[in-house]
Every structure is written in structure tokens, then in C-alpha cells.
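Colleague:
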């Protein structure tokens with residue numbers, strides 16, 4: 094199987110996972126919307142009011158996530174004008190401990206290929222953003238919760 098076929102297969106799998114999540118979220122939203130409608134006009138105690146507010150907040154969060162996933166399925170991830178590596182790019186990195194890892198760049202976490210979680214890098218992550226615009230041989234510094242870290246970019250393979 095060629096790299097292009099593999100990339101296409103992974104993209105198809107990611108789209109299928111996103112579509113499945115979208116369907117689950119829409120079902121949950123429909124059920125929750127009925128609960129929120131039933132909350133309107135009900136007289137109850139403060140606990141009932143707190144539950145109603147929580148359901149309304151969850152409904153708003155579901156709407157936001159549904160819109161995000163729907164946008165990804167319809168148009169693909171939004172580009173930020175080249176400030177990140179394109180999805181499907183493979184980067185080979187040498188970490189400070191000497192380990193060498195080849196990582197697949199994705200746009201959103203849902204595109205993570207099953208079984209490749211440890212070798213997947215989101216384009217918008219601190220490391221993903223730091224790698225943008227660099228070439229093999231460059232040492233790249235990025236921020237982590239533990240402080241600054243540095244990798245050496247050994248290879249970059251852009252998608253076809």
C-alpha cells in the first residue's frame with residue numbers, strides 16, 4: 094500500500110469516527126433538548142433550578158461541539174494560513190533522551206489513527222506550532238507544562 098493510499102485510508106477512518114461521534118452527539122442533544130423544554134415553566138426548588146441550568150449549559154456545549162464536527166466533515170479543518178503543518182504530514186524527531194519518533198500530524202484529536210496515539214501530533218499543539226516553518230536539521234524549542242523542551246527535526250514528509 095502506498096503512503097497516499099495509507100493516508101487516504103486513515104483520513105476515511107477519521108471521517109467515519111467523526112461522523113459516528115456526530116450522530117451520538119445529535120441523539121444526546123435531541124434527548125437533552127426535550128428535557129430542557131420540559132424544564133421551562135416548571136416550579137420547583139433550587140435543586141431543580143440548578144439541574145435545569147446544568148442541562149441548558151450541557152445543551153449549549155453539545156451544540157458547539159456538533160457545529161465544530163459538522164464543519165470538519167463538510168469542509169475539513171480550517172487552515173490558519175500556514176502557521177501549522179498540514180494534516181497528513183509526517184515528522185521524524187529526535188527527543189532530548191535520544192529517542193527518535195516519527196509522528197503523524199493531524200488537525201483534531203478525533204483524527205488520531207487507532208493504535209498510533211503515541212505517534213500522533215496535533216498541528217495546533219505547542220510542538221506542532223513550533224515545528225511549522227522549520228526544516229530537517231533544525232533544533233526546535235517548544236513549551237510544555239514542565240517547561241521548555243527541544244527536539245531536533247530529522248525529516249519532514251508532506252502529504253501529496
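Numbering (the numbering used here), first residue to last: 94 to 253. Where a beta carbon is used, it is the ideal one built from N, C-alpha and C, also for glycine.
Out of 240, 248 and 218, which one is the CA nearest neighbour of residue 228?
Modeller: As a working mapping, residue 228 is identified with position 135 in the chain shown. Closest by alpha carbon: 248.
Colleague: Using a Cβ-Cβ cut-off of 6 Å (strictly less than) and excluding sequence neighbours within five positions of residue 223, which residues of its own chain qualify?
Modeller: For the purposes of this step, residue 223 is identified with residue 130 of the chain shown, where counting begins at 1. Cβ neighbours of residue 223 beyond the five flanking positions: 233 and 235.
Colleague: Based on DSSP bridge pairs, tell me the residues matched to residue 236.
Modeller: Translated into the one-based positions of the chain shown, residue 236 becomes position 143. 241.
Colleague: With residue 178 as the anchor, note down where its alpha helix (DSSP H) starts and where it stops.
Modeller: The count along the chain shown starts at 1 and reaches residue 178 at position 85. Premise fails: residue 178 is in no alpha helix (DSSP H) and is neither H nor E.
Colleague: Nearest-angstrom Cα distance between residue 183 and residue 199?
Modeller: For the purposes of this step, residue 183 is taken as residue 90 along the chain shown, with counting starting at 1. For the purposes of this step, residue 199 is taken as residue 106 along the chain shown, with counting starting at 1. Looking at the two C-alpha atoms, the distance is approximately 10 Å.
Colleague: Inspect the CB distances between the segment 205-220 and the segment 147-163 and report whether three or more fall short of 8 Å.
Modeller: No, they do not touch.
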